[in-house]
Each structure stands twice: as C-alpha cells, then as structure tokens.
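Student: Protein sequences appear in the order of chains A and B. Letter by letter, the first sequence follows residues 1 to 437 in UniProt numbering. Letter by letter, the second sequence follows residues 1 to 447 in UniProt numbering. Cβ coordinates follow ideal geometry from the N, Cα and C atoms, glycine included.
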Amino acid sequence: MQELGKQQKMVIGMVGLPARGKTYISRKICRYLNWMGFKSKVFNIGNYRRQICGTDCNSNFFDPSNKDASKARDECALLALNDMINYLRNEGDVSLYDGTNTTKQRRKLIMETLQQKFSEVQVFWVESVCNDEDVILRNIQLTKLNNPDYVGKSYDEATQDFQQRIEQYTKVYEPIDMDENISFIKIIDIGNDIMIYNIQGFLQSKLVSYLMNLHIYPRPIYLSRHGESQYNVVHKVGGDSDLTQTGIMYAKQLGKYFIQELEGNRNIKMFTSTMKRALHTSNEVCELLGVEYYSLKALDEINPGICDGLTYQQIADKFPQDYEERKMNKLTYRYPRGESYLDVISRVEQIIFEIERSRLPVIVIAHQAILRCLYAYFHEHEVPEIPKLNIPLHQVIKLVPATYYCKETRIKIDAMTGNSEIQDEATIKKVKSFLDL
Amino acid sequence: MQDCHKSQKIAICMVGLPARGKTYISRKLHRYLNWLGYNCKVFNIGNYRREICGTECDKSFFDSKNEQATKARNECAQLALNDLIGYLNSDGEIAIFDGTNTTKERRNMVYSSLLQQCQNVQTLWIESICDDVEVIQNNIRLTKLNNPDYVSMNPEDATKDFLGRIKMYEEVYQKIELDENLSFIKLINIGEDIQIHKVKGYLLSKIISYLMNLHIYPRPIYLTRHGGSTFNQENRVGGDCDLAQQGIKYSQKLGNFLLEEFPSQEQRNQIHCLTSTMKRATQTADIVCNILKINYLQLKTLDEINVGICDSLTYAQIAIQFPEDFAERKVNKLTYRYPRGESYLDLISRIEPIIYEIERSREPVLVIGHQAILRCLYAYFHRNEISEVPQLDIPIHVVIKLTPAAYYCEEIRIKIDPETGDKKQIEEDLQITRINILTKKKSYILL
Chain A
1 MQELGKQQKM
11 VIGMVGLPAR
21 GKTYISRKIC
31 RYLNWMGFKS
41 KVFNIGNYRR
51 QICGTDCNSN
61 FFDPSNKDAS
71 KARDECALLA
81 LNDMINYLRN
91 EGDVSLYDGT
101 NTTKQRRKLI
111 METLQQKFSE
121 VQVFWVESVC
131 NDEDVILRNI
141 QLTKLNNPDY
151 VGKSYDEATQ
161 DFQQRIEQYT
171 KVYEPIDMDE
181 NISFIKIIDI
191 GNDIMIYNIQ
201 GFLQSKLVSY
211 LMNLHIYPRP
221 IYLSRHGESQ
231 YNVVHKVGGD
241 SDLTQTGIMY
251 AKQLGKYFIQ
261 ELEGNRNIKM
271 FTSTMKRALH
281 TSNEVCELLG
291 VEYYSLKALD
301 EINPGICDGL
311 TYQQIADKFP
321 QDYEERKMNK
331 LTYRYPRGES
341 YLDVISRVEQ
351 IIFEIERSRL
361 PVIVIAHQAI
371 LRCLYAYFHE
381 HEVPEIPKLN
391 IPLHQVIKLV
401 PATYYCKETR
411 IKIDAMTGNS
421 EIQDEATIKK
431 VKSFLDL
Chain B
1 MQDCHKSQKI
11 AICMVGLPAR
21 GKTYISRKLH
31 RYLNWLGYNC
41 KVFNIGNYRR
51 EICGTECDKS
61 FFDSKNEQAT
71 KARNECAQLA
81 LNDLIGYLNS
91 DGEIAIFDGT
101 NTTKERRNMV
111 YSSLLQQCQN
121 VQTLWIESIC
131 DDVEVIQNNI
141 RLTKLNNPDY
151 VSMNPEDATK
161 DFLGRIKMYE
171 EVYQKIELDE
181 NLSFIKLINI
191 GEDIQIHKVK
201 GYLLSKIISY
211 LMNLHIYPRP
221 IYLTRHGGST
231 FNQENRVGGD
241 CDLAQQGIKY
251 SQKLGNFLLE
261 EFPSQEQRNQ
271 IHCLTSTMKR
281 ATQTADIVCN
291 ILKINYLQLK
301 TLDEINVGIC
311 DSLTYAQIAI
321 QFPEDFAERK
331 VNKLTYRYPR
341 GESYLDLISR
351 IEPIIYEIER
361 SREPVLVIGH
371 QAILRCLYAY
381 FHRNEISEVP
391 QLDIPIHVVI
401 KLTPAAYYCE
411 EIRIKIDPET
421 GDKKQIEEDL
431 QITRINILTK
441 KKSYILL
C-alpha cells in the first residue's frame, strides 16, 4: 500500500516539554513505520547532547539565559539535524527528530535548514501536551531516573533536578501556532484532545489514525498458536485440518492457564482466525473461560497457493525453483496463487490497530506466519527477521508493554500434564540503552 | 471486523451554519457505514420542516425573534429526534441527526433526550466550520437552488434569501465548547484544520479517519474489468489465466479511449492507476499504461474473490461436484463463503483501504479490477444496498466513469467494442435522481 502516492521523504519533528512522552511516541511511530516497510530512524537530541556536553548537566544547563549552554545545545540540535538529512539522502525514508523544539525560533530554524539542504522533504510535527501532574511524575519515575544524566544521584535529588529542568523549558515554551504554517498534530492529555492542521498525503493520514489509537494502559497481550493440528504432524503446509488429540489437550490446558492468569477477570478481547484448527482451539478455551471470541479472516494463515497440502519435501521435489527462491528471500517470496510475508503484514495491520486501541487484555490464537508478523511488531524486530522468528507450538507468548519496550514472557505448556515452564526474557534483549537510540 | 463492535448504538449529530456541508458529510457517512454493514439512517431536520411548515419559508421564518416560527422549528426538531430515537431503539445501529444544532440550548436538549431515551448510546458531534466565501457560494449554487424551498424563485433572489437565512443563524450561533462535555470533531475549512475531543471507541475512531480523507475536488473515477480472459470464455471461475485475444484488443481500445479523455500528457501523468496482482489484470494494465505512458500500482487487495476449492471449475461443474454449496450460494450470495475461500463480506472488508485511498485522492483514479471486487467498489460509490452487491451488473468491456457531484455520483457507462473501438454510451438509470422540482414529490426525502 505504501507505494501509492509517489512517497516523498519525510521528517517528523517532536515538540513538547520534557516528560511528555515524546520519545515514547517517536519510538512507537518508528516501530510502526519500519514494520510497514518504511525505513525509519529516531534522532534523539538528548543523546547528542549527552555525547558532546557530557552527562553532568544539571538544570542550570537548560536555563535559557545561560548563553554558553544555549549555544552548545543549538549545536547539538544542528548536528542531529545533519545526521538526519544524511540518513534520508541515503537509505532512509522517514526520520524522527526527537527533541523538545519548544520555541517558534527553533522550529523555524529547522524548517529553514531543511528547506535549504533538502527541499524535497515533507515535514510533519507532533506536539505532546500534558497538564496532568500525576502522569508527568510517573513519566519521570519510569524513564528519567534510569537516564545516564542521573547515574550517581539519589531518587529525590534526581526528581527535583528534573522538575527544575522542566521549569527552565516552561519559561520559553511556545506551543505550535497555526500562523507558523506547518503541518502538525497536537496530542493533548494522552489523546483526550487532538488537533490536526494541514495534514497532507497518505503517510501523514495513516500516522494520524495510528496516533489516535495510542494510550499508556499497560494491558497484557497473549499470543499463541492453535494446538497441534493433523497437518502439523505430517509436516504439510496450508490446509484446513483439525486438531489432533494432543492439540485438543493443549487447548484445554491453555484454557486452564488463562483462568489462572486472568484471576477472575473476564473483560478481555479474544481474536482468532476462521480456520478449523484455530476455531477449535478457541472454542475449548472460551468454554472454560466463559468468554466470546471474534473470528477474523484477516488472521488466517499465510496462503501457500499451489503448495497447499504438500510437505516441504514435496515442494522441494515438485517446485525446486520456487523452493530455492523462498529460501533466499523468504520475506518477499510469494507462493504462486498465494501470499508473501509482506502480503501478510499488510493484511494483519488492522489487527495491530485493534490491539493498540484495546485497553483490555488481548488474546490472539492464530498461526505461525501471522504470529511472526504480530510478534515482530510488538517486539521491535527488523522486518527481514520476521520469516525466521521462533514461534513454536504449545507456547504462550505474554507481552506487557512497558515504557520503551515490551516485557516478554514465554510460557511452555505441556499438553499432557498441563505443567507450565516459564522463560523470562524480560529485560535481556530489548532495553535499548539511551545511547543506542 | 464490525461484529466485534456492535455493542453500542451510535448517534451522530451535525452542527453548523447552513451551506457548510453538513448534509454532504451526513450522506457520505451514511453511505460508508451502510457499505460496511451497519444499519444506518439520516434524519434531516430540514425535511421535517418542509413537510410540516411547507416550503414557502423565507428567511424571516428563521429569525430567532420570530416566536411562532421558532416554536414550529423546535417542534420539527423534536419530531425528527423522536423518530431517530425510535430507530435506534429498534433495529437501527447508527443514526445521523442532520441539522444546524447551532445553539448550546439545542445541543443540550438533543444530548439529554438521547441519554434518557436510548439504551446504551454513544454520541459524536460533527461541527463543520467554513469561512471561505467562495466555497459557501458554490455550495449554495450546487445544493440550495434546486431545493424545494426555492422552486418558484429565480437564482438571484434565491441566493439572496438564502444568504439572509444564514445571517439569521449567525446571530445565535454558538460553536461547540469544551464545557458542553460532548465528544466532537470540528472540521474547519474542509478539513484543513481538525479538532478532536474525547473520541473513543472503534467505530468513532474509524469515522474520524474516514472524515479526515474527505474533500470536494470533483475528480473522476474510472472502473473497468480486465479484458476478456480465457477463463471468461470458458465460463470458469477463479484461476490466474491470461487475456484472450479479445481482451488484448479491449485493453488497446481502452488505452485509446483514455487518451481522448485526458488530452495532454500532463493530465495523464496525474492518473492513479490501480490493479491487482493477477495476470489478466496486469496484462490489461500493461497495455493501457503503455499507451498512456504512466505507471500503475499492483495491489494484492484488488485480487478477485478467492473461490477456494471451486477454483478453475465452471459453474456447471460446481453444481455437479458441490451441489449443496451451489444451492447455498444462490440463496445467500452475500454471506456465502467458498470453502477455503472468501465471501462478498470478506471482500468488502478487504477492499476498505482502497476506498480510503480513492476518497483521499484529488487526482483521477483508474481501477482495473475484477467482477466481484468492482461490484463492492461500485456499490460504495453508487450507494447500493449491501444485499444488492453480489448481483450488480459489471459487464466485460465496459468502462464505468463516476464523477462525484453534490450529493450523488454522476455515472456514465461506456461500452467499448474490442474489434472496432466503437464507444457506445449506455444510459444508466440514476438511482439517485435529482429533485423533481415540478412535482415537489416526497422523493427528495430519499436523497
């Protein structure tokens, strides 16, 4: 879909006081765009500042009347801007300029620099405004206190200094005004109020729809494949086979797992596909839980076209060229009369919106290729990795969105005994350090 | 998708001065929501007023100081509201209240009535604000002068009176404010500036996304099937076959036809050409776009309906091999899903993003698709009932040109002979006809 409209390169500039969720939003957008196939990268001005000016900057550094510091900060902003333009000139499609950009003057500077150096680029601003003291304090606790800026300091010291830093910014803050003649979206109080001005183009429309669905409720997302199916046992692809006995047992154990896990809460959203193996699994689970599920064709397994019902060996024998081609390029390879992983990503996008929007726990019972795409989105994998992600049978993947990443837990459930083995990959892989951004 | 979200009823209320596009927006939404499968209906206060108070109302009728008239107008609004509430309390799912609703008092009345008398209803207020004089003049010209209110007047007098009417409303206009505690979206200057307040929920979010893409550029939309294919000739379904000779000739003649429609290369370069990933469609697109010297976009979402196990069979063979399925499909062609395949409802869900793209485009769009796909697309633009979709007539070698006009789509069907290139315009009985101003019949309510 993205090719429609002869896409221009795009710069998304963030605007807002500290602790308003700018980095959270830029990373979400970056995740979404990369997953959709647009090469995106976040350029965080704070990181540049830390590298150049060091991490020992207390709130005085941010005082607008501190001339030396202001000069240094402007330089950092321009450095980040240059890197951003280089990225777009080379392989990038979208850059996110993650900084406060709180004054009209700073925004004007950026617009003018971009006009000069890279006039073919579209610019779109996202301003996050928040006046809820509780939310701000929570943001500070969750994201700032782990920040390299406050390494040696105590909790109270750090919080106080950061609040003073916010005050320095507040002194000069000028919210985006329509007379600046820029395209923007203002998100106020986490989406309670949204103002949109002069959006143009396919991508900006899509981003606005995406941003309207974001929230910060930490609801869990459970992903599981259907129980073992008859085709799984004989290693055939495609088909619409039913569960084996083992598969049925897994479904029942899965139901029991959820009963325990949800602790009496039945306010959940459950999605599954229209294929027998998934429906059968969902039926078992829902009978035990006493909830209803939604069966969506968009969650059906990848369509293997003419290879439907064959084993991998048979495919290698009958269609050797296709077999080779798929091995080389599993992401873009499209089964004749069937689908590619890219087609599946496109298909599954509406589910992503549904899951993002939901403030209730979500359970998805689906298929391997589908879950690879969903999982890659939540777990921030690179798109080329998707076809190889490990999503085994009889395992539940529990994702809990935390500040900048998803806490992941994998629960292996033995179909016979119901024993569950928990593998906690929580903080190991995906806590991107601030300097890595 | 929509079954997930049918728990609450929804009332959408329009707000705005006359000639701000409220009825246009109501009807667009009505069409979109019906097409998605929701029971939706528009309740236009103006129609109620015309029935009850007659159509001889000049601008003084709308003067807020005219007590009798004000009382009558309030009664009309109340009647419309009652019908709306009745609709929602029975089988209606979404109701659109199309009126000016320009005072806080009126909005409060409507909102409280809805909350009290409807079980479980969500409301969304859509305010359309426009201060571009040209746009307003254009609106008046296109939609008001044909209005039954001005049957006996000449255009100049009618325009003057209508502008006077707008002034009456302006005197008491109160824009929606935050303290009214309503969920709203303000569309300012046709979507240049949009303000959204407290909008939550699947359907409301969808409606907002839809509204953001609307505009009033009258760009044409061309729909055509691929040229005749080998399977078409054999009466087979599904498959991924090539074009037949006839099909190739049609594609060439189609290219020539479009050359005439778009005389300059600059105009041609603006065309968005969309097609599917199936051979018969891409081959047609290849030929056409070669002649026009433009590119086309292949989208898997435009692929023909997936006929699952019936792929490559003729209808006769399906009747013999799968008699039950054949009978079931005849009875319920809309919801019937081919085993391992799709139903028309699945199709509608699948091509929804294309509708957004076409709506958003301000440039001409050419879709080279397939029968079932085009039935769904056409039904959206032509405002057909969803049950009619599987039977719509979309023949081979015919181009359907749709030009969105005030409240409907102007449609022209051109049958192109693949051999001779002769073009014959097929007269289409516009289902949505212009108001028959001489008879003042009730047909205008259907608009």
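What is the rounded straight-line gap between the Cα of B:G421 and the Cα of B:E388?
Tutor: When rounded, the separation of the alpha-carbon atoms in B:G421 and B:E388 is 31 angstroms.
Student: State the beta-bridge partners of A:A369 as determined by DSSP.
Tutor: Answer is none; A:A369 lacks a bridge partner.
Student: Between A:D98 and A:T170, is the Cβ-Cβ spacing less than 7 angstroms?
Tutor: Contact: no.
Student: Quick one: using the 10 Å Cβ neighbour count with 16 as the cut-off for buried, is B:K424 buried or exposed?
Tutor: exposed
Student: Counting only beta-carbon separations shorter than 7 angstroms, does A:N329 have a partner in chain B?
Tutor: Chain B has no Cβ within less than 7 angstroms of the Cβ of A:N329.
Student: Under 7 angstroms between beta-carbons, which chain B residues line up against A:I194? List them in chain order, please.
Tutor: I196
Student: Consult DSSP for A:N390 and reduce its assignment to one of helix, strand or coil.
Tutor: coil
Student: Determine, using beta carbons only, whether B:K300 comes closer than 7 angstroms to chain A.
Tutor: yes
Student: So, is the C-beta of A:D343 closer than 7 angstroms to a C-beta in chain B?
Tutor: yes
Student: Give a yes or no on whether the C-beta atoms belonging to B:D303 and B:K279 are separated by under 7 angstroms.
Tutor: no
Student: With B:M14 as the anchor, note down where its beta strand (DSSP E) starts and where it stops.
Tutor: K9 to V15
Student: Please look up how many angstroms separate the CB atoms of A:A376 and A:M249, rounded, as I've assumed it's under 8 angstroms.
Tutor: Contact doesn't hold; Cβ gap of about 29 angstroms is too wide.
Student: Can you pull the DSSP bridge partners for A:M270?
Tutor: A:I363
Student: From A:V42 to A:G92, what does the alpha carbon distance come to, in whole angstroms?
Tutor: 11 angstroms
Student: Compare the Cα-Cα distances from A:V285 to each of A:E261, A:N147, A:V121 and A:K297 and report the closest residue.
Tutor: A:E261
Student: Are A:S340 and A:R347 close, meaning C-beta to C-beta below 7 angstroms?
Tutor: no
Student: If you scan the segment 332-366 of chain B from start to end, which runs of the alpha helix (DSSP H) of 4 or more residues do you find wholly inside it?
Tutor: Counting only runs of 4 or more, we get 344-360.
Student: From what residue to what residue does the alpha helix (DSSP H) around B:A72 run?
Tutor: E67 to N89
Student: If we ignore side chains and look at the alpha-carbon of each, how far apart do B:T230 and B:R31 end up?
Tutor: A straight-line Cα-Cα distance of about 36 angstroms links B:T230 and B:R31.
Student: How many angstroms separate the CA atom of B:S113 from the CA atom of B:S64?
Tutor: 22 angstroms
Student: With DSSP as the reference, label A:D179 as helix, strand or coil.
Tutor: helix
Student: By DSSP's criteria, B:S128 is part of a beta bridge. Which residues make up the other side?
Tutor: According to DSSP, residue pairing for B:S128 in a beta bridge involves B:L187.
Student: Along the segment 206-221 of chain B, where does the CB come closer than 7 angstroms to a CB of chain A? Name the residues.
Tutor: I208, S209, M212 and N213
Student: Do the CB positions of B:P263 and B:G308 come within less than 7 angstroms of each other?
Tutor: Annotated as distal: B:P263 and B:G308, with beta-carbon spacing of 7 angstroms or more.
Student: Does A:Y197 get closer than 7 angstroms to chain B when you measure Cβ to Cβ?
Tutor: Yes - at least one Cβ of chain B is within 7 angstroms of the one on A:Y197.
Student: As a quick exercise: from B:L347, B:F257 and B:P148, pick the residue whose alpha carbon is nearest that of B:T301.
Tutor: Cα-wise, what sits closest to B:T301 is B:L347.
Student: In this structure, how does DSSP classify B:P18 when only helix, strand and coil are distinguished?
Tutor: Here B:P18 sits in coil by DSSP.
Student: Got a sec? Which residues, its chain only, sit under 6 angstroms from A:W35 by beta carbon, not counting five neighbours each side?
Tutor: Y377
Student: Is the shortest distance between the beta-carbon of B:Q431 and the beta-carbons of chain A less than 7 angstroms?
Tutor: Residue placement at B:Q431 cannot be trusted, given a pLDDT of 41 that sits under 50; what the coordinates show is reported in the next sentence. Cβ-Cβ to chain A under 7 angstroms: no for B:Q431.
Student: How about B:E177: is its C-beta nearer than 7 angstroms to some C-beta of chain A?
Tutor: no
Student: Using beta-carbon positions only, say whether A:L371 and A:K269 come within less than 7 angstroms of one another.
Tutor: no
Student: With 7 angstroms set as the bound, which would you pick, yes or no: does the beta-carbon of B:D346 sit closer than that to a beta-carbon of chain A?
Tutor: For B:D346, the answer is yes, since a Cβ of chain A falls inside 7 angstroms of its Cβ.
Student: Taking C-beta pairs closer than 8 angstroms, name the residues in chain A that residue 463 of chain B reaches, listed in chain order.
Tutor: An answer regarding residue 463 of chain B cannot be provided, because it is not within the stretch 1 to 447 covered by chain B.
Student: Given a cut-off of 7 angstroms on the beta-carbon distance, is the pair A:I176 and A:I187 in contact?
Tutor: no
Student: From the DSSP output, in three-state form, read off B:H382 for me.
Tutor: helix
Student: Could you give the residue range of the alpha helix (DSSP H) that holds B:Y250?
Tutor: Q245 to E261
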